[in-house]
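Numbering (UniProt numbering), first residue to last: 1 to 212.
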Ligand SMILES: [Zn+2]
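Right under this line is the structure:
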């Protein structure tokens, strides 16, 4: 529960008075500008990840999977970042390379909290419970690939480089989706083929989603 009076949004807001005014603020790319807001964002991501790890898929997820099993489903476009589609058996390992005849069934429009990406070398890692603990402290883990590369450089007596930090692969307000172009092309193709569109659990207030 994120939005009730004792929910997650209010808990973060009370810890950072004046910094976060609404739930939307917690997903805003502006957060990644100052030390305090980065700390608040990391804490929020850690707590959210922990909630997701303990979350269960719903009857709606099962219903959508049933449609897929009956070969009645073209695609799922989701705004959720909880990756619960994977729990019911969808392949969410979304590879955007292929637009024509794309096999992926789930498009995660706002990314996913199942992965972390290095802000320096773009290495992608699973969002493990060990990393979750670091986020819950308000920090962000160092990228293991960067660390290994640096260790090698140091052994070779070379000048150290910047070590990147791991960030959740979620798309924030004000961020552009790295695969936005591919998604719009896939959506256009799907529109021409689908004869029914089911919309569930969204107010359609996000412009990119409204226009799909
Ligand atoms: Zn890295």
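Even glycine gets a Cβ: it sits at the ideal position worked out from N, Cα and C. Model, not experiment: these values are computed from the prediction.
- Put simply, the backbone Cα of residue 168 is about 16 Å away from that of residue 33.
- Comparing C-alpha distances from residue 192 to each of 57, 74 and 65 shows the shortest one belongs to 74.
- Taking all protein chains shown into account, residue 13 has 16 or more neighbouring C-beta atoms within 10 Å of its C-beta and is therefore buried.
- The beta carbon of residue 49 is closer than 8 Å to those of 113, 127, 132, 135 and 168 in its chain, skipping five residues each way along the sequence.
- Assigned with DSSP and collapsed to three states, residue 74 falls in coil, not helix or strand.
- Just measuring C-alpha positions, the residue of 175, 129, 85 and 22 sitting nearest residue 57 is 85.
- Annotated as proximal: residue 166 and residue 118, with beta-carbon spacing under 8 Å.
- By the Cβ neighbour-count rule, residue 45 is buried, with 16 or more other Cβ atoms within 10 Å of its own.
- 36 is the residue among 205, 36, 24 and 28 whose C-alpha sits nearest the C-alpha of residue 139.
- Bridge partners of residue 111 according to DSSP: 170.
- The continuous alpha helix (DSSP H) containing residue 186 extends over residues 180 to 193.
- In chain order, the residues positioned with their C-beta nearer than 6 Å to some heavy atom of ligand 1 are 118, 120, 121, 123, 143, 145, 146 and 164.
- Judged by their CB atoms, residue 164 and residue 146 are nearer to each other than the 8 Å cut-off.
- Distance between residue 55 and residue 42, taken at the CA atoms: about 20 Å.
- Taking the CA atoms as reference points, residue 52 sits about 13 Å from residue 115.
- The C-beta separation of residue 153 from residue 160 comes to about 6 Å, placing the pair in contact by the 8 Å criterion.
- A straight-line Cα-Cα distance of about 28 Å links residue 125 and residue 101.
- When the five nearest sequence neighbours on each side are left out, the beta carbons in the same chain lying within less than 7 Å of the beta carbon of residue 110 are those of 79, 81, 170 and 171, in order along the chain.
- The beta carbon of residue 121 lies closer than 7 Å to those of 143, 145, 146 and 164 in the same chain, with the five residues before and after it left out.
- Assignment of residue 134 by DSSP, reduced to helix, strand and coil, places it in the helix class.
- Between residue 69 and the set 40, 151 and 105, the nearest pair of CA atoms involves 105.
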